[in-house]
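*Asks:* Using the numbering used here, count along the sequence shown one by one with no gaps and you end on 1466.
Where is the CB? At the ideal position from N, CA and C, for every residue including glycine.
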Amino acid sequence: MSENILKEIIQPENIVYQKTKMMTDKVLSYCPGCGHGTAHRIIMEVVDEMGIGEETIGIAPVGCSVLAYEFMNIDMQEAAHGRAPALATGIKRLWPDKFVFTYQGDGDLAAIGTAETIHACNRGENICIFFINNGIYGMTGGQMAPTTLPNMKSSTSPYGRDIATMGNPLKMTDIVATLPGTYFVSRHSVHTPRNVRRTKKAVRKAFENQRDKKGGVSFVEILSNCNSGWKMTPVQANEWMVENMFPFYPLGDMKIDGELVK
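Here it is in structure tokens:
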């Protein structure tokens, strides 16, 4: 291919897709098929498109989410396990004009971080919380998490989650939607292009709410597979997620502009 033809092909008007500059050049280290990489890209694309990269601070605690520091090309701060909403509160109150978000898994946000999540949402902090839910502790061996489905197998519930002895799963997004301090609450996924577009729209709305100083927390849950922890191929894991997680954790908006969706 000649140099002139190549130059013609890569003209800006001919570019269909390119990597956002808000992602580093480091190769993603997540398991093949994992949704974390797609979630990273969506969030950073929104930051790039809104032109707020220099004003955005991300916070991620322990778990697979801790790897976000390697891939998000913005200011990042590490939090102790479960404490990201508390740290986000402090940063946002010190720098109210910054865009502050947490990036947390279900083992973090819905277990050791339950108190921080609930109280930050109840206070109505002007932050974004992005919650990746794959139903288990992904990084540490696939143990049962607060979000593990009834009868779902994990490394610590090999016969399935028994509600009588292990309790019910926590539907954190449903819970925070009822709190007066949340302004926008929504649940999405990243397993198909259509769902990626919907998730990106929700992420954009969350950041715009923060920009416009709307009345509280914008909380976006992203359902994801964990094919390694679930012991499935990526395709099998996506199919299992659709068949099992979506009925229990239905996708869609739960709260818009401070009002519960009926």
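#1: Do you know how far the Cα of E1412 is from the Cα of G1257?
#2: So, are the CB atoms of L1313 and M1376 less than 9 Å apart?
#3: Return the bridge partner residues of E1412 from the DSSP annotation.
#4: Under three-state DSSP, which class holds H1392?
#5: Restricting to Cα atoms, I'd like to know which of E1320, D1310 and K1405 is closest to G1294.
#6: Whole-angstrom Cβ separation of S1428 and I1336, contact assumed at under 8 Å?
#7: What residues are listed by DSSP as bridge partners for Y1341?
#8: Can you give the beta carbon distance from V1407 to K1459, rounded, assuming they're within the 8 Å contact cut?
#9: Which stretch, first to last residue, makes up the alpha helix (DSSP H) that contains K1296?
#10: Only counting runs of 4 or more residues, tell me where the alpha helix (DSSP H) segments fall wholly within the stretch 1207-1275, in order along the chain.
#11: Is the Cβ-Cβ distance between G1317 and C1430 less than 9 Å?
#12: Taking S1269 as the reference, give the member of T1242, I1379, K1357 and T1260 with the closest Cα.
#13: Just checking my contact of G1267 with M1343 at CB under 8 Å: how many whole Å lie between their CB atoms?
#14: Rounded to the nearest angstrom, how far is the Cβ of K1302 from that of I1261, given a contact under 8 Å?
#15: What residues match up with V1386 in a beta bridge as DSSP calls it?
#16: What is the DSSP secondary structure of S1361, counted as helix, strand or coil?
#17: Is there contact here, the stretch 1231-1239 with the stretch 1430-1450, by at least three beta-carbon pairs under 8 Å?
#18: Do you know how far the Cα of L1353 is from the Cα of F1275?
#19: Please report how far the alpha carbon of M1356 lies from the alpha carbon of K1418, in whole angstroms.
#20: Quick one: is I1333 buried, meaning 16 or more other Cβ sit within 10 Å of its Cβ, or exposed?
#21: Just reading off the beta strand (DSSP E) that V1304 is part of, what are its end residues?
#22: Counting C-beta neighbours from all protein chains within 10 Å, is the total for N1372 16 or more, i.e. buried, or is it exposed?
#23: For D1366, count the other beta carbons within 10 Å of its own beta carbon; 16 or more makes it buried, fewer makes it exposed. Which is it?
*Replies:* Well, looking at it:
#1: 14 Å
#2: yes
#3: Looking at the DSSP assignment, E1412 forms no beta bridge with any residue, so it has no partner.
#4: strand
#5: E1320
#6: Rounded to whole angstroms, the Cβ separation of S1428 and I1336 is 5 Å, and the two are in contact under 8 Å.
#7: Q1347
#8: So it is not a contact: roughly 16 Å between Cβ atoms.
#9: A1288 to L1298
#10: 1207-1213, 1240-1254 and 1272-1275
#11: In this structure, the beta-carbon distance from G1317 to C1430 does not fall below 9 Å.
#12: For S1269, the closest alpha carbon among the candidates T1242, I1379, K1357 and T1260 is that of T1242.
#13: Taking C-beta atoms under 8 Å as the contact rule, G1267 and M1343 qualify, at a distance of about 5 Å.
#14: 5 Å
#15: A small correction: the amino acid at residue 1386 is Thr; Val does not occupy that position in the sequence shown. Paired residue(s): V1421.
#16: Per DSSP, reduced to three states, the secondary structure at S1361 is strand.
#17: yes
#18: 30 Å
#19: Each residue's Cα considered, the two are about 38 Å apart.
#20: buried
#21: Note, V1304: beta strand (DSSP E), F1303 to G1309.
#22: exposed
#23: exposed
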